[in-house]
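Shown next, in structure tokens, is the structure this report addresses.
Number of protein chains: 2
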Amino acid sequence: MNKPSVINERAQLLLKNLIEHYIQDGQPVGSRTLVKDCKLNLSPATVRNVMADLEDAGLIVAPHTSSGRIPTGRGYRFFVDSLLTVKPIRNQLIEKLKLELISSAPAEQLLGNASTLLSNITRMAGVVMIPRQEKVTLRHVEFLPLAVNRVLVILVVNSQEVQNKIIQTDREYSSSELQQASNYLNSEFAGSDLSDVRERLLKSMQDMRADMNKIMMSAMEITDQVLQEKHNSDYVMSGETNLMDYAEMGDVGKLRQLFETFSTKNDLLHLLDKSIHAQGMQIFIGDESGHPVLQECSVITSPYKVHDRVVGVLGVIGPTRMAYDRVIPVVDVTAKLLSSVLSSE
Amino acid sequence: MNKPSVINERAQLLLKNLIEHYIQDGQPVGSRTLVKDCKLNLSPATVRNVMADLEDAGLIVAPHTSSGRIPTGRGYRFFVDSLLTVKPIRNQLIEKLKLELISSAPAEQLLGNASTLLSNITRMAGVVMIPRQEKVTLRHVEFLPLAVNRVLVILVVNSQEVQNKIIQTDREYSSSELQQASNYLNSEFAGSDLSDVRERLLKSMQDMRADMNKIMMSAMEITDQVLQEKHNSDYVMSGETNLMDYAEMGDVGKLRQLFETFSTKNDLLHLLDKSIHAQGMQIFIGDESGHPVLQECSVITSPYKVHDRVVGVLGVIGPTRMAYDRVIPVVDVTAKLLSSVLSSE
DNA sequence: ATTAGCACTCTAAAGATGAGAGTGCTAAGG
DNA sequence: CCTTAGCACTCTCATCTTTAGAGTGCTAAT
Numbered sequence: 000m001n002k003p004s005v006i007n008e009r010a011q012l013l014l015k016n017l018i019e020h021y022i023q024d025g026q027p028v029g030s031r032t033l034v035k036d037c038k039l040n041l042s043p044a045t046v047r048n049v050m051a052d053l054e055d056a057g058l059i060v061a062p063h064t065s066s067g068r069i070p071t072g073r074g075y076r077f078f079v080d081s082l083l084t085v086k087p088i089r090n091q092l093i094e095k096l097k098l099e100l101i102s103s104a105p106a107e108q109l110l111g112n113a114s115t116l117l118s119n120i121t122r123m124a125g126v127v128m129i130p131r132q133e134k135v136t137l138r139h140v141e142f143l144p145l146a147v148n149r150v151l152v153i154l155v156v157n158s159q160e161v162q163n164k165i166i167q168t169d170r171e172y173s174s175s176e177l178q179q180a181s182n183y184l185n186s187e188f189a190g191s192d193l194s195d196v197r198e199r200l201l202k203s204m205q206d207m208r209a210d211m212n213k214i215m216m217s218a219m220e221i222t223d224q225v226l227q228e229k230h231n232s233d234y235v236m237s238g239e240t241n242l243m244d245y246a247e248m249g250d251v252g253k254l255r256q257l258f259e260t261f262s263t264k265n266d267l268l269h270l271l272d273k274s275i276h277a278q279g280m281q282i283f284i285g286d287e288s289g290h291p292v293l294q295e296c297s298v299i300t301s302p303y304k305v306h307d308r309v310v311g312v313l314g315v316i317g318p319t320r321m322a323y324d325r326v327i328p329v330v331d332v333t334a335k336l337l338s339s340v341l342s343s344e
Numbered sequence: 000m001n002k003p004s005v006i007n008e009r010a011q012l013l014l015k016n017l018i019e020h021y022i023q024d025g026q027p028v029g030s031r032t033l034v035k036d037c038k039l040n041l042s043p044a045t046v047r048n049v050m051a052d053l054e055d056a057g058l059i060v061a062p063h064t065s066s067g068r069i070p071t072g073r074g075y076r077f078f079v080d081s082l083l084t085v086k087p088i089r090n091q092l093i094e095k096l097k098l099e100l101i102s103s104a105p106a107e108q109l110l111g112n113a114s115t116l117l118s119n120i121t122r123m124a125g126v127v128m129i130p131r132q133e134k135v136t137l138r139h140v141e142f143l144p145l146a147v148n149r150v151l152v153i154l155v156v157n158s159q160e161v162q163n164k165i166i167q168t169d170r171e172y173s174s175s176e177l178q179q180a181s182n183y184l185n186s187e188f189a190g191s192d193l194s195d196v197r198e199r200l201l202k203s204m205q206d207m208r209a210d211m212n213k214i215m216m217s218a219m220e221i222t223d224q225v226l227q228e229k230h231n232s233d234y235v236m237s238g239e240t241n242l243m244d245y246a247e248m249g250d251v252g253k254l255r256q257l258f259e260t261f262s263t264k265n266d267l268l269h270l271l272d273k274s275i276h277a278q279g280m281q282i283f284i285g286d287e288s289g290h291p292v293l294q295e296c297s298v299i300t301s302p303y304k305v306h307d308r309v310v311g312v313l314g315v316i317g318p319t320r321m322a323y324d325r326v327i328p329v330v331d332v333t334a335k336l337l338s339s340v341l342s343s344e
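Taken in order, these protein sequences are the chains called A and B.
Take numbering that gives the first Met the number 0: the final residue in the first sequence is number 344, and no numbers are missing along the way.
Take numbering that gives the first Met the number 0: the final residue in the second sequence is number 344, and no numbers are missing along the way.
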């Protein structure tokens, strides 16, 4: 039952042809077709024997007795690992991509645009993960009196991002009091890690004027909130509807489960999180992702960086029967372009 | 062909029963069933005659010769306008709703939660429109030096919201210069409408020190951006996937179009915008919405207010064959609850 | 105005049929 | 020993046929 080296060169070539053929038209591939397809001068019967071996090895299956074969998950895996020759991406396309990415003026839309680009080019679903940040540095605090007993707290973190919240105070603070508080915080804590700020602020609380404590506490509350927010990663997705076109997703029930997974975000985040830690491109084929809803899907991801530090992951989601040779370079290039745009800012 | 008062009381009763029956099982309703259903002691033949009249009036149709009848758009419209008796909503449910709305702590999530609630209760798609704001008042400006030639501009508008952007400057500004600029802007323009600020700033530019112009211009750019953003309304939607369960949406193609309409947002925004201006609850049945993709859908909306001023719309989207008597009060109550939560802040 | 009766129509589900594609096996040939 | 021709067999898929059931419209009688 276990003939290890039964997958010789010829068998591999046939497997490659079979999978490529299947990826093209989605129909089970029979021995006849395969003979015509590949250049080898073989008879269907011979090919049938080889196919039987490939089936024994668990690389292909016949959906029913006497139909052609289709690749299994393991088949795709072997194909992707050992047989695939990726199509080089057209320079023209790269330029177009670059242009569209750069011209997405508001930085907040950049990731969304990247996702849209991915989905448009691949005609599948594109996803870009917005990463959590393990280090959040306080840059500046500002208190702004709004009305009686209402103060707007503005927190600048990581030298770019602004967080804000309105807090209720138990008494009215004058502008100068607020100024004093923010001066203190800025001089004492600017540049520190936010979780540090939290602790040190708690400790130093005793030494301070008691009635200032309340407002300091409020500032601290916000740091908590910011930290929480930063530790929950999120993603933007586009082109989900593209997936509706693939016959594999056949029944609406499965489609629904898939879309629910997308909007729940939890499962997919978990998957993206896994691939952010693995260096370089990752490919999850079918149930390799570990999530039953993605059984008939493959996910191709690549991390993107800011100044050589990995900060997030992007990728595409499509049916296992996807044109890996085209999709892989697209994901790769998009990740690189996004990295360069992010780093040049 | 035109017998105006042919829809007498009995006919109306039968129509009501027919539609209610159809809403329940989605099967065409025949004369037999209808007789059993309603209390009137009539023979199927009589009912058949009445049904023929109703069909002439365009209120029901037979999907094919000799099957039962189903309501037309006009039929539903008549039903909703004249025959419907809405189910009073359970107090318990109201309480639950109220609790869930109030407990959604971060205000940003409030609208999203309302949408989720709508979709969960009705098992259809919930939508809450985030309205554009016609008046944007400047409250406070703050410039914060980040690095050489990089300044973070923070804009507080409408006494609550904070907008920010990093700008590149052509030379380095000192803290005191920036302070001076913001002092000027705050003292001169705080409390003004943002579009006013823009104009007046342009005019006064000539009188000012030329090298300060650049940074003022940048601030102005942001006001532009904010205005733009505020004038584009948006919505949050949830439970779209619920719609996948309804057989009406039958083929995946239509479903795809529907979902694409949702994510494009344009068409639906247009519809919601229409219903924000109409006072009170609005019901669009089938093609009344004017959008072909919504042909087999009905949209029920209700505006919500802050302190008696209408600021947005919320609603649900489902198949025309929906339980109007249950959904209508849910939308109504949710709008009222949301209004009260928003007004109490 | 209502209803019983009847012929008629249409759907939907269940079998029947046949072509086509593909297989596995066996035995013969290089 | 690998390859191949030949053949019986299997399974799908699309097309028909059949049949039961539900429902209608019309007519004539109440």
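For every residue, glycine included, the Cβ atom is placed at its ideal position computed from N, Cα and C.
What whole-angstrom Cβ distance do residue i and residue j have, given they're in contact under 8 Å?
i: LEU117/B; j: GLY111/B; result: Going by Cβ atoms, the distance from LEU117/B to GLY111/B rounds to 11 Å, so no, they are not a contact pair.
i: VAL312/B; j: ALA218/B; result: Actually they do not touch by this definition, with Cβ atoms about 33 Å apart.
i: GLN167/B; j: LEU154/B; result: GLN167/B to LEU154/B, Cβ: 17 Å. No contact.
i: VAL315/B; j: THR64/B; result: With 8 Å as the limit, VAL315/B and THR64/B do not qualify as a contact, their Cβ atoms being about 35 Å apart.
i: LEU254/A; j: MET243/A; result: 6 Å
i: MET215/B; j: LEU193/B; result: Not quite, the Cβ-Cβ distance comes to about 14 Å (not below 8 Å), so this is no contact.
i: LEU82/A; j: GLN11/A; result: 6 Å
i: LEU227/A; j: LYS164/A; result: Here residue 227/A turns out to be Gln, not Leu, going by the sequence shown. At roughly 12 Å, the Cβ-Cβ gap does not stay under 8 Å, so GLN227/A and LYS164/A are not in contact.
i: LEU270/A; j: VAL298/A; result: 6 Å
i: ARG73/B; j: GLY57/B; result: 5 Å
Just list the residues that DSSP pairs residue i with in beta bridges.
i: ARG308/A; result: VAL305/A
i: ILE299/A; result: ILE282/A, VAL315/A
i: GLU160/B; result: VAL156/B
i: SER237/A; result: GLY125/A
i: ALA146/B; result: ARG149/B
i: ILE69/A; result: VAL60/A
i: GLU141/B; result: ILE153/B
i: ASP192/B; result: THR136/B
i: ILE166/B; result: VAL150/B
i: VAL28/A; result: ARG68/A
Give the single residue among the options whose Cα lies nearest to the Cα of residue i.
i: LYS264/A; options: GLU247/A, ASP286/A, ASN148/A, VAL292/A; result: VAL292/A
i: LYS304/B; options: ASN157/B, LEU13/B, MET128/B; result: MET128/B
i: ASN16/A; options: GLY238/A, ILE327/A, TYR75/A, PRO62/A; result: TYR75/A
i: PRO70/A; options: LYS335/A, THR319/A, PRO302/A; result: THR319/A
i: ALA146/A; options: ARG138/B, SER175/B, GLN256/B; result: ARG138/B
i: LEU268/B; options: HIS290/B, ILE284/B, GLU247/B, ASP250/B; result: HIS290/B
i: GLU247/B; options: ASN182/B, GLN294/B, LYS202/B, ALA180/B; result: GLN294/B
i: ASN182/B; options: GLU141/B, VAL329/B, GLY279/B; result: GLU141/B
i: ASN231/B; options: ALA180/B, ASN90/B, TYR172/B, ARG131/B; result: ARG131/B
i: ARG170/B; options: ARG308/B, THR260/B, VAL251/B, VAL150/B; result: VAL150/B
i: ALA322/B; options: GLU259/B, VAL310/B, HIS20/B, GLU99/B; result: HIS20/B
i: GLY188/A; options: THR222/A, SER174/A, TYR172/A, GLU176/A; result: Going by the sequence as given, residue 188/A is Phe instead of Gly. Looking at the Cα atoms, THR222/A is the closest of the given residues.
So with CB distances below 8 Å, who are the chain B contacts of residue i?
i: ILE165/A; result: GLN159
i: THR240/A; result: ARG255, PHE258, GLU259, SER262
Starting from the beta carbon of residue i, find every residue of chain A whose beta carbon is closer than 7 Å, and list them in chain order.
i: MET243/B; result: VAL251, LEU254, ARG255
Using a C-beta to C-beta distance shorter than 9 Å, which residues of chain A count as neighbours of residue i?
i: VAL155/B; result: LEU143, LEU145, LEU151, ILE153, ASN163
Is residue i near the ligand HEM - that is, is its Cβ less than 6 Å away from at least one heavy atom of it?
i: GLU141/A; result: With respect to small molecules bound, the structure shown includes none, and the ligand HEM cannot be examined in it.
**Q.** Contact set between the region 255-277 of chain A and chain B, restricted to residues whose Cβ is under 8 Å from the partner
**A.** ARG255, PHE258, GLU259, SER262
Q: Would you list, in chain order, the members of the region 132-152 of chain A that have their beta-carbon closer than 9 Å to a beta-carbon of chain B?
A: ARG138, HIS139, GLU141, LEU143, LEU145, ALA146, ARG149, LEU151
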